[in-house]
Amino acid sequence: MQSPADRQDRHEYPAHWEADVVLRDGGAARIRPITVDDADRLVSFYEQVSDESKYYRFFAPYPRLSAKDVHRFTHHDFVDRVGLAATIGGEFIATVRYDRIGADGLPASAPADEAEVAFLVQDAHQGRGVASALLEHIAAVARERGIRRFAAEVLPANTKMIKVFTDAGYTQKRSFEDGVVRLEFDLEPTDRSVAVQRAREQRAEGRSVRRLLAPGSVAVVGVGRAPGGVGRSVLGNVRDTGFPGRLYAVNKAFPDDLKEVDGVPAYRSVGDIDGPVDLAVVAVPAEHVPAVVSECGEHGVQGLVVLSAGYAESGPEGRERQRALVQLARAYGMRIIGPNAFGVINTAPDVRLNASLAPEMPRPGRIGLFAQSGAIGIALLSRLHRRGGGVTGVTGVSTFVSAGNRADVSGNDVLQYWYDDPETDVVLMYLESIGNPRKFTRLARRTAAAKPLVVVQGVGSAPQGHAVRATRLPHATVSVLLRQAGVIRVDTITELVDSGLLLARQPLPAGPRVAILGNSESLGALTYDRCLAEGLRPSAPLDLTTGATAEAFHRALARALADDTCDAVVVTAIPAIGEGSPGDAELAEALRSAAARVPGKPVLVVHVELGGLAEALSAAASTSPQALAKTPGADDGAHLPPLPAPLGREDPHCPAQRPPTALATSQSSSPDGTRLIPAYPAAERAVRALAEAVKYGQWRREATDPGKVPEYEDIDEKGAAELIQGLLERGQGLTVGQTETCELLDKYGIHVRRALPAPTPDDAVAAARTLGYPVALKATAPHLRHRADLGGVRLDLADEEQLRRSYAELTELFGQPEELWPVVQGMAPRGVDTVVRAVIDPAAGAVLSFGLAGAASQLLGDMAHRLIPVTDREATSLLRSIRTAPLLFGWRGSTPVDTPALEELLLRVSRLVDDHPEVVAVTLEPVVVAQYGVSVLGATLRLTPPPARDDLGPRTLPAY
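Count the sequence shown with the numbering used here and you get residues 1 to 960, in order.
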């Protein structure tokens, strides 16, 4: 960075413009402002640019930069002249700059709001999306500095750069003059520009994870010379699962004459390897990791899985070590899973990668698994893939990621990969924390619209070293917001696996109507009761009696599935006694064939102490361990033993219960193409999984038409912005005064009923004459505000005598007027008192909340929440989500209130907060909803300066 003596800018170095980004091919780069210290880097960069690219940039042959050019391109004031560079390994790979200009096209200063922009990308890095990323960042910088429009002049032959501008999605104007294409475009984000940016983000981040999960070559660094140890174990796991790519063993302590370890080529350093290395698995002590990362970066390794411990989980020194690790890796364009990771697994036939500490490869399947800790990850793998603790091996894993300290690659990144991964149908995630809930919610909503996403969300503190923003919202509220984004939120690993098994191989139910049939009246009744408890609509159970034959089960299931009033079927089965009782295989085949006739409805089995049935159900698809063991040459992990819990820890979320199993019907991924029917050892587990599927199916249907954010012609967005800017000039953050609050809300059509201060009885009388009788007298001191139950509010005061008497009573009860802050307000029509709030939570983002005023919301917590911006459909559902909603709709013969007017108020508050990120808190209380119209009787509002970057800003990796 430049020294104070060298600095010629009008602003300090804008460190918040620095950012790590993921490029189109999945590699990483760093974007930062160009300073006077970059002269040598700029010259070196320019020397590596082709003559053609130089010609496109300067419209003439320009073989080298003059000293004047270098000075100009490295000296910026960070306001009217700004330059950014994309770097890898500390060296420039691309640059962009803007110069503010006036209406005459000459250099200018504010208030001029237009700038010329120009790019130059090294030829070796063209086509990687570098220019698109730089455009996003330079546009954000320009908006921050008051520039609203870019102009660019491009030669017609420079089609790549023209495409960068035209594809960005901004509103633009194009002209052609003197052999040059002139492009002008506004920098205000549009729906299209945001959509383009997020599509690019998804592709880039998804590809960055794919580079880690599907490498063509792997080097395991830290392979011990003697058997045992982490590095040697991982090397064996990669080798033994049949990884088809090149595999290398690396250890700087290897003797010079050592050529192989366990049949794998051995090297003393990554740099000694002749060919490319896509993925390096690092298993060396933490103090040696930086040297390994530098070797990998110099060799061109694409990504790292760092198993080494001793980082943020170990304390402050470890946190600094972790920060340095991420910065070093990103400087070379590499992404990291870990440190302190358990590893990654990809069961795809053309990859077969087990770069983890799991001793066996899970069976291939359609479920993607993510966990932060190795203990939880191994518990998930165990439950999904071992006999007696999983699903009898018939539903497998596509990919598995245990991210450890999650210093770089997080659940958000893996979600980007799974979104369009054709090998993954269901996503299961155990999240101990959510580092960027706002982004996670956005990604989850998109993913859930395509495939189920089931999440266990930890309640405890975030793992050490995670950069997690603290939320002010209760855990239950965050869970509700996740559900609104389509996330299937469950509480335990048992429920995670139960739901995943059902969703992986059964269609979504079309509704909550459930048919129950089986050979046990009591088990059927228990299932019926659980359906009612979970909000389903079960029909009366059909008891086939304990003597039911396999044919009886077949006929009953076929009839139930053919019934148009049935959306799903739960089959209950207990051991039967007698000569005519069906064998396990016979019963499995009967259920399989009946379900195959109507493949569009889900079928679940509740079985009690029928271990043989579970095996038979698996064997029906020839995927059970027994069946595979009988197949000559079978080698796909069929003999996977129970995976031990690491570190000897038992998972508190995994009670010792029998796991669900599965039987086969049509449309499965098993060898014969049949679909799997899940079987559960307890009715409550089956019904809970079904209930989650029903709610998710309903969300999917509603997600196709989420509603719209209404436009209101009377909203004065520009006037509100000017008022906010003026208020913020008074300080960094403030609670706005009552007059300014009412003025700001009024610009969004939210009218607060006027209240006048009454410091004396005479002032109260004068206020009443101004407002007109009848009036209300209120004490607005913080300890009495909204506390009608304490007697601090007197209503329907019809004349001066009543007003003076009430004033005297208030002061006698609660003290002097200066302690009460009394006000006089005109009476509102009678109705239901409600409260509307909006807050910007540092973790969850903007949230709109609604409830009834008083005890319902304060004591019972009966509040409903939605993420902002709220659509018209969401506003309608918000009102109906609270338990006390019947009071709005004529409960016990009362008059229904004006809910459409209330919904409009909610939408206007949502618009205010969404349009102006400076508004961080709004409370309207009470809001009286009458038979006709609503009356806002009180309002508070808080402002802070807008964040420099938010989720609508340019793409960037989390800062470290």
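In this text, a Cβ means the ideal position worked out from N, Cα and C, and glycines have one as well.
To which residues of the same chain is residue 819 closer than 8 Å at the C-beta, ignoring the five residues directly before and after it?
For the purposes of this step, residue 819 is taken as the residue at position 819 of the sequence shown. When the five nearest sequence neighbours on each side are left out, the beta carbons in the same chain lying within less than 8 Å of the beta carbon of residue 819 are those of 781, in order along the chain.
Just to confirm my understanding: we take residue 935, look at its own chain, exclude 5 residues before and 5 after, and list those with CB closer than 6 Å. What are they?
As a working note, residue 935 is residue 935 in the sequence shown. Cβ neighbours of residue 935 beyond the five flanking positions: 753, 828, 928.
Per DSSP, residue 220 forms a beta bridge with which residues?
The residue you call residue 220 lines up with position 220 of the sequence shown. Bridge pairing for residue 220: 249, 281 [DSSP].
Between the CA atoms of residue 542 and residue 443 - distance to the nearest angstrom:
Locating residue 443 in the sequence shown gives position 443, counting from the first residue. Locating residue 542 in the sequence shown gives position 542, counting from the first residue. Going by the C-alpha atoms only, they are around 43 Å apart.
Rounded to a whole number of angstroms, what is the C-alpha to C-alpha distance between residue 744 and residue 206?
Within the sequence shown, the letter at position 744 stands for residue 744. Within the sequence shown, the letter at position 206 stands for residue 206. Those two C-alpha atoms are separated by around 42 Å.
Can you name, in chain order, every residue of its own chain whose Cβ lies under 8 Å from the Cβ of residue 34, other than the five neighbours on each side?
Position 34 of the sequence shown, counted from the start, is the residue given in the question as residue 34. Here the set comprises 42, 73, 74, 76, 83, 84, 85, 95, 97.
Give the single residue among 604, 747, 221, 810 whose Cα lies nearest to the Cα of residue 777.
Taking the sequence shown and counting its residues from 1, one reaches residue 777 at position 777. Out of 604, 747, 221, 810, 810 has the C-alpha closest to the C-alpha of residue 777.
Sort 840, 833, 535, 163 by Cα distance to residue 899 and report the nearest one.
Position 899 of the sequence shown, counting from 1, holds the residue named residue 899. Checking every option, the nearest Cα to that of residue 899 belongs to 833.
Under a three-way DSSP split, which group does residue 682 fall into?
Here residue 682 refers to the residue found at position 682 when the sequence shown is read from its first residue. Residue state, collapsed to three classes: coil.
Which one of 794, 896, 422 has the shortest CA to CA distance from residue 831?
As a first step, residue 831 is located in the sequence shown; it is residue number 831 there, counting from the start. Of 794, 896, 422, the residue nearest in Cα terms is 896.
Please list the terminal residues of the continuous alpha helix (DSSP H) segment that includes residue 593.
What you label residue 593 is simply residue 593 of the sequence shown in a count that begins at 1. Going by DSSP, residue 593 is part of the alpha helix (DSSP H) stretching over 584 to 597.
Which residues in the same chain as residue 163 place their Cβ atom closer than 7 Å to its Cβ, once the five residues preceding and following it in sequence are excluded?
Stepping through the sequence shown from its first residue, residue 163 is reached at position 163. Hits under 7 Å: none found.
Taking C-alpha atoms, which residue in 768, 573, 244, 39 lies nearest to residue 588?
Here the question's residue 588 lines up with position 588 in the sequence shown. Sorting 768, 573, 244, 39 by C-alpha distance to the C-alpha of residue 588 places 573 at the top.
Sub-7 Å separation of residue 49 and residue 122 beta-carbons
Counting from one through the sequence shown, the residue named residue 49 turns up at place 49. Counting from one through the sequence shown, the residue named residue 122 turns up at place 122. Cβ atoms of residue 49 and residue 122: closer than 7 Å.
Under the three-state DSSP convention, the category residue 196 falls into:
Position 196 of the sequence shown holds residue 196. Helix.
Measure how close the beta-carbons of residue 180 and residue 152 come, nearest whole angstrom, since I'm counting them as under 8 Å.
Within the sequence shown, the letter at position 180 stands for residue 180. Within the sequence shown, the letter at position 152 stands for residue 152. Cβ-Cβ separation between residue 180 and residue 152: approximately 10 Å, too far for a contact (criterion under 8 Å).
Per-residue DSSP class, three states only, for residue 747:
The sequence position of residue 747 within the sequence shown is 747, counting from 1. It is coil, neither helix nor strand.
Report the residue ranges of all beta strand (DSSP E) runs contained in full by the region 108 to 187; include only those spanning at least 3 residues, in chain order.
Considered as a whole, the region 108 to 187 harbours 114 to 121, 149 to 154, 172 to 177, 180 to 186 as its complete beta strand (DSSP E) runs of no fewer than 3 residues, in chain order.
Just the Cα atoms here: how many angstroms apart are residue 270 and residue 434?
In the sequence shown, the residue the question calls residue 270 occupies position 270. In the sequence shown, the residue the question calls residue 434 occupies position 434. Approximately 34 Å between the Cα atoms of the pair.
Three-pair Cβ contact test at 8 Å for the region 689 to 704 versus the region 593 to 606:
Output reads yes: the region 593 to 606 touches the region 689 to 704.
Would you say the beta carbon of residue 422 comes nearer than 6 Å to a heavy atom of the ligand PLP?
Judged by which ligands are present, the structure shown has none, so any question about the ligand PLP falls away.
Residue 71 lies in the alpha helix (DSSP H); which residues open and close that run?
Working through the sequence shown from its first residue, we reach residue 71 at position 71. Segment 67 to 74, the alpha helix (DSSP H) holding residue 71.
Distance, Cα to Cα, residue 932 vs residue 886?
Here the question's residue 932 lines up with position 932 in the sequence shown. Here the question's residue 886 lines up with position 886 in the sequence shown. Between residue 932 and residue 886, the C-alpha separation is close to 17 Å.
How big is the Cα-Cα spacing for residue 873 and residue 705?
In the sequence shown, residue 873 corresponds to position 873, counting from 1. In the sequence shown, residue 705 corresponds to position 705, counting from 1. Spanning the two alpha carbons is a distance of roughly 9 Å.
Residue environment, residue 40, which counts as buried when at least 16 other CB atoms sit within 10 Å
Numbered from its first residue, the sequence shown carries residue 40 at position 40. Residue 40 should be labelled exposed.
Are at least three pairs of beta-carbons, each pair with one atom in the region 475 to 487 and one in the region 533 to 550, less than 8 Å apart?
Taking 8 Å as the limit for Cβ pairs, the verdict is that the region 533 to 550 does not touch the region 475 to 487.
Local conformation of residue 607 per DSSP, three classes
Your numbering for residue 607 matches position 607 in the sequence shown. Correct three-state label for residue 607: strand.
Please report the straight-line C-alpha distance between residue 891 and residue 955, rounded to a whole angstrom.
As a working mapping, residue 891 is identified with position 891 in the sequence shown. As a working mapping, residue 955 is identified with position 955 in the sequence shown. Straight-line measurement puts the Cα of residue 955 at about 50 Å from the Cα of residue 891.
What's the gap between the Cα of residue 759 and the Cα of residue 795?
Along the sequence shown, read from residue 1 onward, the residue named residue 759 stands at position 759. Along the sequence shown, read from residue 1 onward, the residue named residue 795 stands at position 795. Rounded to whole angstroms, residue 759 and residue 795 show a C-alpha spacing of 18 Å.
Starting from residue 969, follow the alpha helix (DSSP H) in both directions and report where the run begins and ends.
Not covered by the structure: residue 969. The range shown for the chain is 1 to 960.
As a quick exercise: from 867, 17, 862, pick the residue whose alpha carbon is nearest that of residue 880.
Taking the first residue of the sequence shown as 1, we reach residue 880 at position 880. Considering only 867, 17, 862, the residue with the shortest C-alpha distance to residue 880 is 862.
Ignoring anything shorter than 3 residues, give me the beta strand (DSSP E) runs that lie fully in the region 320 to 408, in order along the chain.
Listed in chain order, they are 335 to 337, 343 to 346, 353 to 356, 364 to 371, 397 to 402.
DSSP state of residue 897, grouped into three classes?
The residue labelled residue 897 in the question sits at position 897 within the sequence shown. It is coil, neither helix nor strand.
Per DSSP, which one or two residues make a beta bridge with residue 935?
Position 935 of the sequence shown, counted from the first residue, corresponds to residue 935. Its beta-bridge partners are 928.
So, is residue 111 buried or exposed, given that buried needs 16 or more other C-beta atoms within 10 angstroms?
The residue you call residue 111 lines up with position 111 of the sequence shown. With fewer than 16 other Cβ atoms within 10 Å, it is exposed.
Roughly how many angstroms lie between the CA atoms of residue 726 and residue 846, to the nearest whole one?
Against the sequence shown, residue 726 aligns to sequence position 726. Against the sequence shown, residue 846 aligns to sequence position 846. Distance between the alpha carbons of residue 726 and residue 846: 23 Å.
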